[in-house]
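Peer 1:
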Amino acid sequence: MKIAHISWSMTNGGIENMLSDIINCQVSHCDVALVVINDAVDETILNRIDKRCHVIRIGRKLKSRSPWFIIKLNYILWKGRYDILHVHNDGFLKYIFYKGRRIATIHNSGFSSLKYSGCKVLACISKAVYDEMTKAGYKNCVRVDNGINVQSILRRRIDFYEGQLKIVQVSRLLLKQKGQDILLKALSLLKHRGLENFTLDFIGSGVDEVELKKMVVELNLEKHVRFLGNQSREYVYSHLKDYDLFVQPSRFEGFGLTVAEAMAACVPVLVSKNEGPLEIIDYGKYGYDFKNDNIHECSEKIAMFLFKKNDLTVIRKALQHVSERYNIETMVRQYLMLYDKMLRQ
Numbered sequence: 001m002k003i004a005h006i007s008w009s010m011t012n013g014g015i016e017n018m019l020s021d022i023i024n025c026q027v028s029h030c031d032v033a034l035v036v037i038n039d040a041v042d043e044t045i046l047n048r049i050d051k052r053c054h055v056i057r058i059g060r061k062l063k064s065r066s067p068w069f070i071i072k073l074n075y076i077l078w079k080g081r082y083d084i085l086h087v088h089n090d091g092f093l094k095y096i097f098y099k100g101r102r103i104a105t106i107h108n109s110g111f112s113s114l115k116y117s118g119c120k121v122l123a124c125i126s127k128a129v130y131d132e133m134t135k136a137g138y139k140n141c142v143r144v145d146n147g148i149n150v151q152s153i154l155r156r157r158i159d160f161y162e163g164q165l166k167i168v169q170v171s172r173l174l175l176k177q178k179g180q181d182i183l184l185k186a187l188s189l190l191k192h193r194g195l196e197n198f199t200l201d202f203i204g205s206g207v208d209e210v211e212l213k214k215m216v217v218e219l220n221l222e223k224h225v226r227f228l229g230n231q232s233r234e235y236v237y238s239h240l241k242d243y244d245l246f247v248q249p250s251r252f253e254g255f256g257l258t259v260a261e262a263m264a265a266c267v268p269v270l271v272s273k274n275e276g277p278l279e280i281i282d283y284g285k286y287g288y289d290f291k292n293d294n295i296h297e298c299s300e301k302i303a304m305f306l307f308k309k310n311d312l313t314v315i316r317k318a319l320q321h322v323s324e325r326y327n328i329e330t331m332v333r334q335y336l337m338l339y340d341k342m343l344r345q
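See below:
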C-alpha cells in the first residue's frame, strides 16, 4: 500500500508532531510519503521522521498566488501512484485532480463549514469534533482519537510540590483560541490575595507573544512568568516532569494533545470546560476543570494546588487512562484498517 500524507506546512505544532509520529509507525507496514506544500518547515520536525519515508517539498511561498504548486502537486501524486491520499489541512483538496482515495483528518473543532471534496472518510480526532461534523451533515465521519508516544515521556514523582508551585502551559501563543490571557489574569487575582508562591512557563511561540508579554508587565507578574519560546517535542517530553501543574485555558479546543502528554508525565492538569480536553480527563475523573473563560474559577482551582488540596491518586489513574486510551499505536492501527477498507470499496 502506498500512502501520501499531504500538509501545507511542517512547523513545530501539534498537528505536525502528531503526523511525524503516525508516519514513523506506518513506515514499518507501508510505502509512505510526506508532501509538504509550503516552504514553512521546521527542520527538527523533518529530521525526526524515519528515513524510510519519502519527504517531498514543493516549496510554495506563503500567500503565493502562483498556480505552479498545483501542477507540481498533481505530478508528484501521479508519478508516485499513491493508493491513499491522507490530507491534514483544508484548502488544497480542490486542487488535487489525481484520483487516489482520499481521507482527511479533522484536527480541531470549528472546521465543519469547510469543504472536503472527494474524501471517502473524515477522521475526527475526538468525540467533540465527531459530534460537530455529523451535526453539520457529514455522513462519512469516523472517530480516530489522537494518540501519543507515552513511553517517550519522562515522568514526575507523584507528590505535592516543594518550594514554589511550578505551572506550565504548552501551545501556540494565540489568545483567541488558547486563552493564555485567562491564565495570566487568574494568577494576578492570586497575587492580589497574597498568594505569590508560583511560577508560570509558557512553552511555544505565536502571533500574540508581544501582547502577552505586555500583559505580564501590566499585571506585575514579571517575577513569576517566563516565555521559553518554541521548543522541540523532545525538550517538552523530557521537561514536563519538572512542573507541578499543567493548565490549558483554551476558549475552544478539539482535542488537547498537550493535556494528554502532561497526564503521561504524571503532571496534574487543569483545563477549561471544552469538549476536547474534558473528554481526555473524562469530565473530571482524571483531572480538574473550570468554566470556560472564567478567570475567578481558574484562580480558585490553582489556589487549591497552592494549598496542596488536590487528590494525588488522580495522577496515577490519569497515567493509566492515557496509556490505554490515547496510545499512538492504537491510532495508527485504526488508520491502517480504514485504508484497507477504503481500498476494498
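For the sequence shown, position 84 (counting from the first letter as 1) is numbered 84 according to UniProt numbering, and the numbering increases by one without interruption.
Beta carbons are placed, not taken as given, at the ideal position from N, Cα and C, and that holds for glycine.
Source: prediction; values computed, not measured.
What do you get for K178, buried or exposed, if any count of 16 or more other CB atoms within 10 angstroms of its CB means buried?
Peer 2: Counting Cβ neighbours within 10 Å, K178 comes out buried, since at least 16 surround it.
Peer 1: Who are the near neighbours of V40 in its chain, counting only those whose CB is closer than 8 angstroms to its CB and skipping five residues on each side?
Peer 2: With the sequence shown as reference, residue 40 is identified as Ala, and Val is not the correct amino acid for it. Around A40: W8, S9, M10, T11 and L62.
Peer 1: Only counting the same chain, and skipping five residues up and downstream in sequence, which positions put a Cβ closer than 6 angstroms to that of S188?
Peer 2: Closer than 6 angstroms at Cβ, skipping near neighbours: L219.
Peer 1: Please check the pair L184 and M215, which I expect to be a contact at CB under 8 angstroms, by giving their CB distance rounded to whole angstroms.
Peer 2: Correct: roughly 6 angstroms between the Cβ atoms.
Peer 1: Within the continuous alpha helix (DSSP H) that includes A262, where are the two ends?
Peer 2: Taken as a continuous stretch (DSSP letters only), the alpha helix (DSSP H) holding A262 covers L257 to A264.
Peer 1: Taking 8 angstroms as the cut-off, does the stretch 143-152 touch the stretch 160-178 (at least 3 CB pairs, one atom from each stretch)?
Peer 2: The answer is no - the stretch 143-152 does not touch the stretch 160-178, with fewer than three Cβ pairs under 8 angstroms.
Peer 1: Which term fits E329, buried or exposed, when burial requires 16 or more other beta carbons within 10 angstroms of its beta carbon?
Peer 2: That one is exposed.
Peer 1: So, are the CB atoms of A104 and Y116 less than 9 angstroms apart?
Peer 2: Yes, the Cβ-Cβ distance between A104 and Y116 is below 9 angstroms.
Peer 1: Mind checking which residues open and close the alpha helix (DSSP H) that includes Y130?
Peer 2: Per DSSP, Y130 belongs to the alpha helix (DSSP H) from K127 to K135.
Peer 1: Buried or exposed: which applies to V210, given that a residue is buried once 16 or more other Cβ atoms fall within 10 Å of its Cβ?
Peer 2: Exposed: under 16 other Cβ atoms inside 10 Å.
Peer 1: For S7, which three-state DSSP category applies?
Peer 2: Of the three classes helix, strand and coil, the one that applies to S7 here is strand, per DSSP.
Peer 1: Helix, strand or coil: how does DSSP classify R101 here?
Peer 2: Correct three-state label for R101: strand.
Peer 1: Mapping the DSSP letters down to three states, classify F69 as helix, strand or coil.
Peer 2: Reduced to three states, the DSSP call for F69 is helix.
Peer 1: Whole angstroms are fine: how far does the CA of Q320 sit from the CA of N327?
Peer 2: For N327 and Q320, the distance between alpha carbons rounds to 11 angstroms.
Peer 1: Hey, would you say S272 sits closer than 9 angstroms to E253, going by beta carbons?
Peer 2: Cβ atoms of S272 and E253: closer than 9 angstroms.
Peer 1: Okay, do the stretch 43-51 and the stretch 15-31 touch, 3+ Cβ pairs below 8 angstroms being the bar?
Peer 2: With the cut-off at 8 angstroms, the stretch 43-51 and the stretch 15-31 touch.
Peer 1: If distances are taken between C-alpha atoms only, which option among D244, V121 and Y283 comes closest to G100?
Peer 2: Ranking D244, V121 and Y283 by Cα distance to G100 puts V121 first.
Peer 1: Starting from K317 and walking both ways along the alpha helix (DSSP H), at which residues does that stretch end?
Peer 2: Start and end: T313 to R325.
Peer 1: Per DSSP, which one or two residues make a beta bridge with A40?
Peer 2: A40 pairs with nothing; no bridge assigned.
Peer 1: Applying the 10 Å Cβ sphere with the 16-neighbour rule, what's the burial state of P277?
Peer 2: Buried.
Peer 1: In terms of residue numbering, what span does the beta strand (DSSP E) encompassing S272 cover?
Peer 2: Its beta strand (DSSP E) spans residues V269 to S272.
Peer 1: Counting pairs of beta carbons, one from the stretch 151-164 and one from the stretch 70-87, are three or more of them closer than 8 angstroms?
Peer 2: Verdict: no, contact absent.
Peer 1: With three or more C-beta pairs closer than 8 angstroms as the rule, is the stretch 234-248 touching the stretch 123-137?
Peer 2: No, they do not touch.
Peer 1: Consult DSSP for V247 and reduce its assignment to one of helix, strand or coil.
Peer 2: Looking at V247 - three-state DSSP - the assignment turns out to be strand.
Peer 1: Let me make sure I understand the geometry here. Which of C266, F111, I295 and V35 has the alpha-carbon closest to that of K79?
Peer 2: The shortest C-alpha separation from K79 is found at V35.
Peer 1: Taking its Cβ as the centre, do 16 or more other Cβ atoms sit within 10 Å of N197, making it buried, or is it exposed?
Peer 2: So N197 ends up on the exposed side.
Peer 1: How big is the Cα-Cα spacing for A260 and E234?
Peer 2: Approximately 15 angstroms, taken between the alpha carbons.
Peer 1: Would you tell me roughly how many angstroms separate the C-alpha atoms of V247 and G256, rounded to the nearest one?
Peer 2: Their backbone Cα atoms lie some 11 angstroms apart in a straight line.
Peer 1: For S171, count neighbouring Cβ atoms within 10 angstroms of its own Cβ and tell me buried if that reaches 16, exposed if not.
Peer 2: It counts as buried.
Peer 1: For the beta strand (DSSP E) holding I167, just list the boundary residues, first then last.
Peer 2: From DSSP, the beta strand (DSSP E) with I167 extends over L165 to V170.
Peer 1: Around the C-beta of V267, are 16 or more other C-beta atoms found within 10 angstroms, so that it is buried, or is it exposed?
Peer 2: Buried.
Peer 1: Buried or exposed for V332, please, with buried defined as at least 16 other CB atoms from any protein chain shown within 10 angstroms of its CB.
Peer 2: Buried, by the Cβ-count rule.
Peer 1: What did DSSP end up calling V216 once you bin it into helix, strand or coil?
Peer 2: Residue state, collapsed to three classes: helix.
Peer 1: Taking just the CA atoms, how far does E275 sit from K291?
Peer 2: About 12 angstroms.
Peer 1: Quick one: give me the first and last residue of the beta strand (DSSP E) that H54 is part of.
Peer 2: Where H54 is concerned, the enclosing beta strand (DSSP E) stretches over H54 to R60.
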